[in-house]
Structure formats: C-alpha cells, structure tokens
Amino acid sequence: MGTRPLSVTLHDLPQPSDGASFERRRQGYARVVAGARGVQVSSEHERGLLEQVWGACGDGAMPPVAVVPLPVDRPTRWGPPAGAQGSTDGAVVVLGFVYPGKGHAETLAAMASLSTGVPLVAVGAPSDGHEDLLTELADEAAAQGRSFVCTGYVTDEDLERWTARAGIPVSAHTHISASGSINRWISAARRPIVTPGAYVGELHRRAPWAVTVAADLPAAIGAALHDPTSTWIREAEWDGAALPDTGTAAAMQLAAIEAIGLA
454 MGTRPLSVTL
464 HDLPQPSDGA
474 SFERRRQGYA
484 RVVAGARGVQ
494 VSSEHERGLL
504 EQVWGACGDG
514 AMPPVAVVPL
524 PVDRPTRWGP
534 PAGAQGSTDG
544 AVVVLGFVYP
554 GKGHAETLAA
564 MASLSTGVPL
574 VAVGAPSDGH
584 EDLLTELADE
594 AAAQGRSFVC
604 TGYVTDEDLE
614 RWTARAGIPV
624 SAHTHISASG
634 SINRWISAAR
644 RPIVTPGAYV
654 GELHRRAPWA
664 VTVAADLPAA
674 IGAALHDPTS
684 TWIREAEWDG
694 AALPDTGTAA
704 AMQLAAIEAI
714 GLA
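Under this note's numbering, think of the first position of the sequence shown as 454, with each following residue one higher.
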C-alpha cells in the first residue's frame, strides 16, 4: 500500500497538567506530527505547546504549523429572552464535558461565599472514566448547602436553549489550550466569565468585548448575579473581523493546506 502526504489538525495539546498521561500523550502527538506534511492548531498557545512537544520528542525539523482559530458564528438573536431579565434561573453554569481541570470544582469553590440558593449546573456529560467527579461535586455543593445538577448529554437543540437562557456562564478551565465551550457561549451572544490564562489572554486581545476576564472569580460571579445583563453581548459590540466564522475559518484552513502543496 502506498502512502499519501497529509495535513493534520491538532487540539488539546499535551501539557504537564495532564498528569500521568502527559508523557504518553506527547509521544503520541510527536509521532502524528512526524508523519504529516503540515499541521494546523487552533491558537498561538497551542502552537507553543506543540513546539514544546516537538522539542522534547520530535526528530529533525517540525512541519509547518498554521494557526486557524476555532470558528465563532455570529449570533442569530441578541439579548435575553423576553421577560428573562438576563437570567431565568439564577444558576451558575459550566458548559461542556466534566473532567478534571475543566473548571467545575474551581467554579464551585468560588461560589462558597454566594447565597446557597444559587445552584451550579454542569451542562454536559462526564468524560469516560470521570463519572466519580459528579459525586465529588455533589458532595462539595451539599457541604456549601447548595445544589449541583449535571444535565448529562445534551443535543444541539437543548444546548442552544441552555446557552440562550442560562444564568451566569463561567469557564474556569485550569489548562485550556483552545475552547469550543467558550466559543459556543459567544456564538449565543453570551459573554462568559473566564479565568486568566494564555489562551484566554489571546482571545481577549482579539475580542475584548466577548469575554469577562476575572482574576477574582468569586467577585465576578457575584457581580454578574447582581447584573445578569452583563453576561450578554450587544449586537453593536460584535466585530466579525476579530472572530472568524465557520466559512472564514474553513477558507483559512484551505489556504494553509494549499500553502504546503496539498490542494
């Protein structure tokens, strides 16, 4: 069987925070990159992580690397639903799979000083092998005297409803490299509260109107509960040039593939 040149797109680049799987993951990523003519990643932060992986595990020159940001489509509606006043449930909501470092535990810890009537909702299912985290989160929430709810798997339709009506969107991911969850909030005209980091800084520089960067997470959540409208993006603020939509991102991907002679 013959071989063909290929381009690969990488995500969730290995980081020391991966723990026991870090070495195995970076060896695997290096093998994939070694077989590619070109590579695409979703952030400058991911490019830097890949360079670290290649420096430790690669052999020779690394293939060309193109950065194509994750797409964020322009919202189809703006502002909270009629009568919602910015929030329909007063919950703090974390979007995406439940796994260590995703930010659920960090968000719950930040809620310790809030009214116990404010629940934490995880919209998404636990990643395979991390079902025990649901018990840990429920126990910690109970110790605070508040409720914790995990929706489990949600369909695209349900996800659209959640992002359109959820109370306070939070992403406190501890080792984020590029985030579809944050982008999903933004594409629903939501301005999520996010914690500082390399990727968050990169996103904020491009689109400061799209996220609220919170060095003090408890204070930021408290302020948003007091003024839920602060978690919504106004149509006049939207700058499509800062956040490529699906069509633009696809064109960027194709251009990167053409640049290495594969199209």
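Built from N, CA and C at the ideal position, the CB exists for glycine as well.
Within the same chain, show all residues whose beta-carbon is closer than 7 Å to that of residue i, passing over the 5 residues directly before and after it, in chain order.
i, result
"A483", "V506, W507, C510 and G511"
"G570", "none"
"A489", "L459, S460, V461 and P516"
"W638", "L548, T616, P622 and P645"
"S657", "The amino acid at residue 657 is misidentified as Ser; the sequence shows His. Result list for H657: V664 and V666, in chain order."
"R478", "P467 and D471"
"G693", "R527"
"F649", "Sequence inspection shows Pro at residue 649; the Phe mentioned does not correspond to that position. Counting only Cβ-Cβ distances below 7 Å, and skipping sequence neighbours, we find V666 and A668."
What's the C-alpha gap between residue i and residue j?
i, j, result
"V492", "L548", "28 Å"
"T541", "G620", "Low local confidence applies: a pLDDT of 43 at T541 is under 50, so the model's placement there is unreliable, and no value is given."
"A702", "R659", "15 Å"
"A676", "M705", "38 Å"
"E476", "A651", "22 Å"
"E655", "V521", "13 Å"
"E688", "E497", "28 Å"
"A562", "A591", "12 Å"
"D680", "S495", "32 Å"
"R457", "S566", "57 Å"
"A578", "E584", "9 Å"
"E589", "A473", "21 Å"
"A709", "A519", "6 Å"
"T684", "G513", "47 Å"
"A642", "R530", "7 Å"
Assign residue i to one of two classes, buried (16 or more other C-beta atoms within 10 Å of its C-beta) or exposed (fewer than that).
i, result
"Q480", "exposed"
"Q538", "Because the pLDDT at Q538 is just 47, under 50, the model does not fix this residue reliably, and the point stays unresolved."
"S640", "buried"
"P661", "exposed"
"S634", "buried"
"H714", "For the sequence presented, residue 714 should be read as Gly rather than His. With fewer than 16 Cβ atoms within 10 Å of its Cβ, G714 is classed as exposed."
"S624", "buried"
"L678", "buried"
"A595", "exposed"
The beta strand (DSSP E) with residue i in it runs from where to where?
i, result
"L590", "Unbroken run through L590 is the alpha helix (DSSP H), D585 to Q597; no beta strand (DSSP E)."
"L724", "What is shown of the chain runs 454 to 716, which leaves residue 724 out entirely."
"A617", "No beta strand (DSSP E) contains A617, which is instead part of the alpha helix (DSSP H) from D609 to R618."
"S460", "S460 to T462"
"G582", "Run containing G582: none; DSSP gives neither H nor E here."
Could you give the first and the last residue of the continuous alpha helix (DSSP H) run that contains residue i?
i, result
"A651", "A651 to R659"
"L503", "E497 to C510"
"A708", "T699 to A712"
"I674", "L670 to H679"
"S624", "Taken as a continuous stretch (DSSP letters only), S624 belongs to no alpha helix (DSSP H), being part of the beta strand (DSSP E) at I621 to S624."
"A562", "H557 to A563"
"A487", "F475 to A487"
"G633", "G633 to S640"
Which residues in the same chain have their Cβ closer than 8 Å to the Cβ of residue i, if we skip the five residues on either side of it in sequence?
i, result
"V486", "V461, L463, V492, L503, V506, W507, G511, M515 and P516"
"M564", "V545, V571, L573, Q597, R599, P671 and I674"
Tell me which same chain residues have a C-beta within less than 6 Å of the C-beta of residue i, skipping the five on either side of it?
i, result
"E499", "L466, S630 and A631"
"C603", "A575 and L587"
"A695", "R659 and A660"
"V525", "N636, I639, S640 and L696"
Does residue i come within less than 8 Å of chain D when only Cβ atoms are used?
i, result
"L561", "In the displayed structure, chain D is absent; only one protein chain is listed."
**Message:** Contact between the region 460-475 and the region 619-636 is defined here as three or more beta-carbon pairs at a separation below 8 Å; is this criterion met?
**Reply:** As far as the Cβ criterion goes, the region 460-475 touches the region 619-636, which means the pair count is three or higher.
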